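Colleague: Below are the structure tokens for one structure; questions will follow.
Number of protein chains: 2
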Amino acid sequence: MAVGLGPLATLLPVAGIRVGTARAGVKVQDRRDLVIFEASKGTIGAAVFTKNLFCAAPVHVARNHLAAAAPRYLIINTGYANAGTGEQGMADALAVCAAVAKQTDAQAETVLPFSTGVIGEPLPVARIAAGVPKALVALSADGWSEAAHGIMTTDTLPKATSRQVKLNGATATVTGIAKGSGMICPNMATMLAFVATDAAIAPNVLQSMLKDVTDQSFNCITVDGDTSTNDACVLLATGQAGNSLIASHDDASYATLRQAVFEVCEFLAQAIVRDGEGATKFMTVSVSGGKTRAECQQVAQTVANSPLVKTAFFASDPNWGRILAAVGRAGVTELAIDRVTVFLDDVCIVRNGARAADYTEQAGRKIMAQAEITIHIDIARGQHKDHVWTCDFSYDYVKINAEYRS
Amino acid sequence: MAVGLGPLATLLPVAGIRVGTARAGVKVQDRRDLVIFEASKGTIGAAVFTKNLFCAAPVHVARNHLAAAAPRYLIINTGYANAGTGEQGMADALAVCAAVAKQTDAQAETVLPFSTGVIGEPLPVARIAAGVPKALVALSADGWSEAAHGIMTTDTLPKATSRQVKLNGATATVTGIAKGSGMICPNMATMLAFVATDAAIAPNVLQSMLKDVTDQSFNCITVDGDTSTNDACVLLATGQAGNSLIASHDDASYATLRQAVFEVCEFLAQAIVRDGEGATKFMTVSVSGGKTRAECQQVAQTVANSPLVKTAFFASDPNWGRILAAVGRAGVTELAIDRVTVFLDDVCIVRNGARAADYTEQAGRKIMAQAEITIHIDIARGQHKDHVWTCDFSYDYVKINAEYRS
Numbered sequence: 045m046a047v048g049l050g051p052l053a054t055l056l057p058v059a060g061i062r063v064g065t066a067r068a069g070v071k072v073q074d075r076r077d078l079v080i081f082e083a084s085k086g087t088i089g090a091a092v093f094t095k096n097l098f099c100a101a102p103v104h105v106a107r108n109h110l111a112a113a114a115p116r117y118l119i120i121n122t123g124y125a126n127a128g129t130g131e132q133g134m135a136d137a138l139a140v141c142a143a144v145a146k147q148t149d150a151q152a153e154t155v156l157p158f159s160t161g162v163i164g165e166p167l168p169v170a171r172i173a174a175g176v177p178k179a180l181v182a183l184s185a186d187g188w189s190e191a192a193h194g195i196m197t198t199d200t201l202p203k204a205t206s207r208q209v210k211l212n213g214a215t216a217t218v219t220g221i222a223k224g225s226g227m228i229c230p231n232m233a234t235m236l237a238f239v240a241t242d243a244a245i246a247p248n249v250l251q252s253m254l255k256d257v258t259d260q261s262f263n264c265i266t267v268d269g270d271t272s273t274n275d276a277c278v279l280l281a282t283g284q285a286g287n288s289l290i291a292s293h294d295d296a297s298y299a300t301l302r303q304a305v306f307e308v309c310e311f312l313a314q315a316i317v318r319d320g321e322g323a324t325k326f327m328t329v330s331v332s333g334g335k336t337r338a339e340c341q342q343v344a345q346t347v348a349n350s351p352l353v354k355t356a357f358f359a360s361d362p363n364w365g366r367i368l369a370a371v372g373r374a375g376v377t378e379l380a381i382d383r384v385t386v387f388l389d390d391v392c393i394v395r396n397g398a399r400a401a402d403y404t405e406q407a408g409r410k411i412m413a414q415a416e417i418t419i420h421i422d423i424a425r426g427q428h429k430d431h432v433w434t435c436d437f438s439y440d441y442v443k444i445n446a447e448y449r450s
Numbered sequence: 045m046a047v048g049l050g051p052l053a054t055l056l057p058v059a060g061i062r063v064g065t066a067r068a069g070v071k072v073q074d075r076r077d078l079v080i081f082e083a084s085k086g087t088i089g090a091a092v093f094t095k096n097l098f099c100a101a102p103v104h105v106a107r108n109h110l111a112a113a114a115p116r117y118l119i120i121n122t123g124y125a126n127a128g129t130g131e132q133g134m135a136d137a138l139a140v141c142a143a144v145a146k147q148t149d150a151q152a153e154t155v156l157p158f159s160t161g162v163i164g165e166p167l168p169v170a171r172i173a174a175g176v177p178k179a180l181v182a183l184s185a186d187g188w189s190e191a192a193h194g195i196m197t198t199d200t201l202p203k204a205t206s207r208q209v210k211l212n213g214a215t216a217t218v219t220g221i222a223k224g225s226g227m228i229c230p231n232m233a234t235m236l237a238f239v240a241t242d243a244a245i246a247p248n249v250l251q252s253m254l255k256d257v258t259d260q261s262f263n264c265i266t267v268d269g270d271t272s273t274n275d276a277c278v279l280l281a282t283g284q285a286g287n288s289l290i291a292s293h294d295d296a297s298y299a300t301l302r303q304a305v306f307e308v309c310e311f312l313a314q315a316i317v318r319d320g321e322g323a324t325k326f327m328t329v330s331v332s333g334g335k336t337r338a339e340c341q342q343v344a345q346t347v348a349n350s351p352l353v354k355t356a357f358f359a360s361d362p363n364w365g366r367i368l369a370a371v372g373r374a375g376v377t378e379l380a381i382d383r384v385t386v387f388l389d390d391v392c393i394v395r396n397g398a399r400a401a402d403y404t405e406q407a408g409r410k411i412m413a414q415a416e417i418t419i420h421i422d423i424a425r426g427q428h429k430d431h432v433w434t435c436d437f438s439y440d441y442v443k444i445n446a447e448y449r450s
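From first to last, the protein sequence lines are chains H and A. Counting from 1, position 84 in the first sequence corresponds to residue 128 in the working numbering; the numbering is continuous, with no gaps. Counting from 1, position 244 in the second sequence corresponds to residue 288 in the working numbering; the numbering is continuous, with no gaps.
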């Protein structure tokens, strides 16, 4: 059912990164469920994690390890999220790192663990540890595609892409993979994204680039408004592309690399929505005319998360009253509804807070028949804008989320 | 499908109030779609309205009229909400008041208009005006039950109840009716409640009582988190019960009357949730241990509006991970997840932020098989508490809201 999401494009290797996968039988037999990234010495890492206070043990450990040392290995298991597992969960996440460290002679602090799957069940550390040597043996510069498959849970398609840019004459590559389908699908603790580049860039610049890029990509998506306990996005930079070090945001190469990283993250973020649980439509909710970017985001999120708006889009019903009602309750102080304009693609459906005089149901229904639709809302009180990508709300969403975790 | 909502109880007349209904053909033929309340001279009124900035023309007019004069008539039509109708909508709402005033020799400012139905379509003023004489002819002290039917839209059952209390030896009656099913059901602009008492009470005391009571009744319900453009709750007091005037909150009779009004509003508010679109379960989300009541309400609303929690309850799945994940993203600063306790009725499922050691799936499933369930969450950081009433999220919710407005 994924909306406009095709088969995997060719993924470009990133100098200094090798990727290996294994079938470790973490939860079910014969499923590619363990992925290891190996980064060459000199690699630096940046990461952003879920803001949910109920966050998983591996999130705590990955955050601590990243603060303590440059990352050499990422290990990702599906099946179990190791969330809601208390002190045993912390010990288990550390044990997984130790298993990788032991096999590679690396320090445990250079290993970052990630888990996705059922919440509240203990992590089967022995099975994961037994899978580590298999994944290490499989390490390859060309392992990205298998890794994109290896981190899937309820995803119906793998999500990955690559970009190449020139930095001072050197060619730099950015490749990334992601998983996620609902924010938490039948108990699956959900969004993970791993992006790597061979560009040379200073650590603080890398971290601020990732923060900036995720704010405009992964933080602009919503399937159901529920944020996961395990969400994480990691950006590695190996420094092997041969470009001169990007030491600040003012460096001419910064914008070029940032654009490539952004395009990879934007593609992956949209791919998660396109593969949203039960999705039949991909919607961009774009809000302009705000006094701040934050209030535009607030309006866009309220519209995008409204069950009434989402079910109307599922029904291909150009129900502008529901959109306007969501704008009206978004919590923006002194927003003048009678100045609001709403477009579906290029069709104006609301002008001055009421149905546009020249709007026809026929024109609205034509747009609604499309699989991809932009809802543009102008709140006419300032110069800022922002957007959210989301999907509609169908019978299948209820079906997928009502089925018992199994 | 309404959960635990039986046939109408006997409704007690309120001295000084007469109620009439008519089949005015507002939107469809032969449906009881027009209701008029007549209040005797000396009646005072209090009201609370939707906080949605996109609010309907009748909400503006009712608010203005209530501020200008003591109310003598309420007129309610179903079929069309007169929301998103711009200046024409304001003129139409005023025209409806004028029609009532003309037939009754009352001042137009003493008429409060209410509409519920499709958003964005013009109000058929001529048909409503033609129905006014019919409704006036039908005025009766015993018209409450017909009125409870007359304000229904997608409601599957009428919602009404009565209470009687003694105030200084005098018997005072409180009777109320309400309508509402989704916050906005297929475009229906939704919750309306009309409550009347014959108690004698000062206007400012009546207004603060209504505010207090609605905060703990109608403001504690959510079906889908979407607030309507037309929500209103009106409380009339005719002063004919013979009690000595309740002039302040310190009056001994205040608490007695407040309790009766609260019980009526609580019943009506719960009835709306029990009749929630597609509801198969009625849930009370109760949060204790907050530093403020507001943060308890915030946590309860986040849990109650989580599509993942709601679909889990539809599936009778005691999915504590989803409850905890909703608590974690509720936006309560420095909430310690590892101190959170969660009960389903009397079964502890989460202790210290992880599955309770003595919890069994069997015990959880037994509770989940019930039609009415309390989710009690203790956040262990203070002495305050609050609650929300909500329902689950089923295929039928999507079906009802995806069907085109007709």
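Glycine included, every Cβ here is placed at the ideal spot set by N, Cα and C. Just so you know, these numbers come straight off a predicted model, no measurement behind them.
Please confirm if the segment 198–210 of chain A is in contact with the segment 155–166 of chain A, defined as three or more CB-CB distances below 8 Å between the two stretches.
Modeller: no
Colleague: Can you find a C-beta in chain A that's less than 8 Å from the C-beta of Gly408 of chain H?
Modeller: no
Colleague: Output, in sequence order along the chain, the residues in the segment 378–402 of chain H whose CB is closer than 9 Å to any CB in chain A.
Modeller: Of all residues in the segment 378–402 of chain H, Glu378, Leu379, Ala380, Ile381, Asp382, Val384, Val394, Asn396, Gly397, Ala398, Arg399 have a Cβ within less than 9 Å of some Cβ in chain A.
Colleague: In angstroms with no decimal places, state the Cα-to-Cα distance between Phe387 of chain A and Met412 of chain A.
Modeller: Roughly 12 Å between the two C-alpha positions.
Colleague: If Pro168 of chain A sits next to Val70 of chain A, beta carbons under 8 Å apart, how far is it from one beta carbon to the other, in whole angstroms?
Modeller: 6 Å
Colleague: At what residues does the beta strand (DSSP E) containing His428 of chain H begin and finish?
Modeller: 428–435
Colleague: Can Ser272 of chain H and Ala369 of chain A be called in contact, C-beta distance under 8 Å?
Modeller: yes
Colleague: List the DSSP bridge partners of Arg207 of chain H.
Modeller: H:Val218
Colleague: State the Cα-Cα distance for the pair Ala10 of chain A and Asp259 of chain H, rounded to the nearest angstrom.
Modeller: Only positions 45 to 450 of chain A appear in the structure, and residue 10 of chain A is not among them; the question remains open.
Colleague: Given that Asn263 of chain H touches chain A, what residues does it touch there, using C-beta distances under 8 Å?
Modeller: The premise fails here: Asn263 of chain H is roughly 13 Å from chain A at the closest Cβ pair, so nothing lies under 8 Å.
Colleague: Could you tell me the alpha carbon to alpha carbon distance between Gly64 of chain A and Thr205 of chain A, rounded to whole angstroms?
Modeller: Those two C-alpha atoms are separated by around 18 Å.
Colleague: For the putative contact between Asp256 of chain A and Phe93 of chain A, defined by C-beta atoms under 8 Å, what is the C-beta separation to the nearest angstrom?
Modeller: Wrong, their Cβ atoms sit about 16 Å apart, outside the cutoff.
Colleague: Using the beta-carbon of each residue, which ones in chain H are nearer than 7 Å to Thr129 of chain A?
Modeller: Ala398
Colleague: Run through DSSP, which three-state label would His420 of chain H get?
Modeller: In the three-state reduction of the DSSP assignment, His420 of chain H falls in the strand class.
Colleague: For Lys203 of chain A, does the count of other Cβ atoms within 10 angstroms reach 16, so buried, or fall short, so exposed?
Modeller: buried
Colleague: Taking contact to mean 3 or more Cβ pairs, one atom from each stretch, closer than 8 Å, check whether the segment 241–252 of chain H and the segment 76–83 of chain H are in contact.
Modeller: No, the segment 241–252 of chain H is not in contact with the segment 76–83 of chain H.
Colleague: Under the assumption that Ile367 of chain H contacts Asp389 of chain H (Cβ atoms under 8 Å), give the Cβ distance between them as a whole number of angstroms.
Modeller: That belief does not hold up - the Cβ atoms of Ile367 of chain H and Asp389 of chain H are roughly 14 Å apart, past 8 Å.
Colleague: Can you grab the Cα-Cα spacing for the pair Val376 of chain H / Ser184 of chain A, in whole Å?
Modeller: 44 Å
Colleague: So, for Asn287 of chain A: in the same chain, excluding its five sequence neighbours on each side, which residues have a beta-carbon less than 7 Å away from its beta-carbon?
Modeller: Leu211, Asn212, Ala214, Ala216, Ala243, Ala244, Ser297
Colleague: Is the Cβ-Cβ distance between Thr266 of chain A and Val432 of chain A less than 8 Å?
Modeller: yes
Colleague: I think Ile163 of chain A touches Asn121 of chain A, with their Cβ atoms under 8 Å apart; what is that distance to the nearest whole Å?
Modeller: Contact flag wrong, Cβ pair sits at about 14 Å.
Colleague: Grouping DSSP H, G and I as helix and E and B as strand, with all else coil, what is Leu56 of chain A?
Modeller: Residue state, collapsed to three classes: coil.
Colleague: Using DSSP's beta-bridge definition, name the partner residues of Ile88 of chain A.
Modeller: A:Ala281
Colleague: So, is the C-beta of Arg373 of chain H closer than 8 Å to a C-beta in chain A?
Modeller: yes
Colleague: Quick check: the Cα distance between Phe437 of chain A and Asp361 of chain H, rounded to an integer number of angstroms?
Modeller: 21 Å
Colleague: Around the Cβ of Val72 of chain H, are there at least 16 other Cβ atoms within 10 angstroms (buried) or fewer (exposed)?
Modeller: The residue is exposed, with fewer than 16 neighbouring Cβ atoms inside 10 Å.
Colleague: CA-CA distance, Ala142 of chain A and Gly175 of chain A?
Modeller: 13 Å
Colleague: Can you have a look at Lys95 of chain H and say buried or exposed, based on whether 16 or more other CB atoms are within 10 angstroms of its CB?
Modeller: exposed
Colleague: Rounded to a whole number of angstroms, what is the C-alpha to C-alpha distance between Ala315 of chain H and Val239 of chain A?
Modeller: 51 Å
Colleague: Exposed or buried, what is Ala281 of chain A when buried is set at 16 or more other beta-carbons lying within 10 Å of its beta-carbon?
Modeller: Buried: at least 16 other Cβ atoms inside 10 Å.
Colleague: Taking 8 Å as the cut-off, decide whether the C-beta atoms of Ala348 of chain H and Val329 of chain H are in contact.
Modeller: yes
Colleague: So which residues of chain A does Ile163 of chain H contact, with C-beta pairs closer than 7 Å?
Modeller: Gly365
Colleague: Could you give the C-beta distance for Ser332 of chain A and Cys340 of chain A, rounded to a whole number, given that I count them as a contact under 8 Å?
Modeller: 7 Å
Colleague: Nearest CA to the CA of Arg383 of chain H: which residue from H:Val144, H:Ala446, H:Val394?
Modeller: H:Val394
Colleague: Label His293 of chain H either buried or exposed according to how many other C-beta atoms from any shown protein chain fall within 10 Å of its C-beta, with 16 as the threshold for buried.
Modeller: exposed
Colleague: Under 8 Å between beta-carbons, which chain H residues line up against Val442 of chain A? List them in chain order, please.
Modeller: Thr355, Phe358, Phe437, Ser438, Tyr439, Tyr441, Val442
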